[in-house]
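One structure is given here, and the rest of the page talks about it.
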Ligand code: CP
Ligand code: NVA
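Structure representation (structure tokens):
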């Protein structure tokens with residue numbers, strides 16, 4: 039079997055993403071019914087975290103345990119990566135002992151370099167450019183609440199950074215329209231916009247972006263690595279909080295999502311995130327189920 043990586047949503051075909059989504063729903067049901075299912079018995083996942091994490095670490099680690107395997111948490115502080123061992127060498131060595139590698143890092147090319155030199159699947163658990171695992175959970179969550187997202191309208195309100203850029207890829211892979219409301223200077227990469235111009239639009243005004251949308255999504259104003267820009271960003275994004283007023287512009291049954299962690303009173307009001315349209319807790323839990331489906335698919339291939 040050729041090694042499959044998951045660095046962006048584009049690494050899986052539309053049909054494979056659909057398979058993973060349905061498999062995530064199936065594995066969730068089986069787990070909730072108390073079924074023990076261990077297709078990854080004796081398999082190991084290396085988890086390299088160069089940035090903090092709550093959901094990603096727990097969901098991958100617990101996911102591997104539930105699938106009968108084992109996960110190893112690795113931080114640069116305690117490994118030779120932090121002392122300058124080349125990524126290429128690290129990838130080669132780790133690959134010879136584990137069955138998959140999960141990486142959360144800064145520049146996207148770090149994970150690309152890792153994948154080029156790894157002989158086992160490499161999974162992107164967030165880079166400065168993308169967060170595709172979060173999208174697996176978001177798409178599963180939308181599907182559970184509202185059925186297929188194909189043909190629907192999603193409004194992204196906030197920073198055009200890694201989560202937003204993964205939503206652009208998702209628009210193409212899951213077939214929905216995406217309106218992005220972000221202040222000037224915080225746009226997603228222009229090449230991504232150009233490549234997806236048929237279904238992705240930048241609209242500066244939050245209300246116009248939210249009009250009749252089926253799903254409203256946001257993310258923090260200052261991401262990991264941008265902490266010193268917090269004050270500047272608070273000013274730049276002041277008109278981009280997802281409030282009850284913004285939600286009222288969307289369809290009456292629109293959902294609200296946020297990958298978390300959230301800052302109430304900044305990118306989202308407490309009333310929205312803790313309100314009836316918010317599905318953020320299911321979205322967070324679905325990281326576990328969606329990634330179990332991904333791990334099984336990348337390591338064992340499709341189950342029959
Ligand atoms: N949403 C998400 O990736 O959360 P963590 O940073 O806690 O992993
Ligand atoms: N954009 C955020 C997502 C956190 C899960 C960050 O990169 O910090």
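Numbering (my numbering), first residue to last: 39 to 342. Even glycine gets a Cβ: it sits at the ideal position worked out from N, Cα and C.
- Query: Buried or exposed: which applies to residue 133, given that a residue is buried once 16 or more other Cβ atoms fall within 10 Å of its Cβ?
  - Reply: buried
- With a threshold of 7 Å, establish whether the CB of residue 220 neighbours any heavy atom of ligand 2. no
- Comparing alpha-carbon positions, which option in 270, 65 and 259 lies nearest residue 77? 65
- Query: For residue 85, does the three-state DSSP call read helix, strand or coil?
  - Reply: strand
- Query: By Cβ distance, which residues of its chain are closer than 7 Å to residue 256, with the 5 residues on each side in sequence left out?
  - Reply: 195, 196, 280, 296, 305 and 306
- Query: Among residues of its own chain, excluding the 5 on either side of residue 172, which ones have a beta-carbon nearer than 8 Å to its beta-carbon?
  - Reply: These residues qualify, in order along the chain: 164, 201, 204, 297 and 325.
- Message: Judging by CA-CA distance, which residue of 220, 57 and 140 is the nearest neighbour of residue 88?
- Response: 140
- Any idea which residues DSSP pairs residue 294 with across the strands? 254 and 316
- Query: Where are the alpha helix (DSSP H) runs, 4 residues long or more, that stay fully inside the segment 227 to 286, in chain order?
  - Reply: Runs found: 228 to 233, 244 to 248 and 268 to 274.
- Task: Would you mind listing the alpha helix (DSSP H) stretches within the segment 182 to 231 that are 4+ residues and don't spill past its ends, in chain order?
- Result: Runs found: 200 to 212.
- Message: Which same chain residues end up closer than 6 Å to residue 267 when comparing Cβ atoms and leaving out the 5 residues on each side of it in sequence?
- Response: 260
- Query: How many Å lie between residue 250 and residue 103 at the Cα?
  - Reply: 42 Å
- Under the three-state reduction of DSSP, which class applies to residue 325: helix, strand or coil? helix
- Item | Pairwise C-alpha distance: residue 57 and residue 208 | 15 Å
- Task: State the beta-bridge partners of residue 160 as determined by DSSP.
- Result: 139
- Query: Just how far apart, CA to CA, sit residue 158 and residue 131?
  - Reply: 11 Å
- Task: Give every residue of the same chain whose Cβ lies closer than 7 Å to the Cβ of residue 93, excluding the five residues on either side of it in the sequence, and list them in chain order.
- Result: These residues qualify, in order along the chain: 298, 322 and 325.
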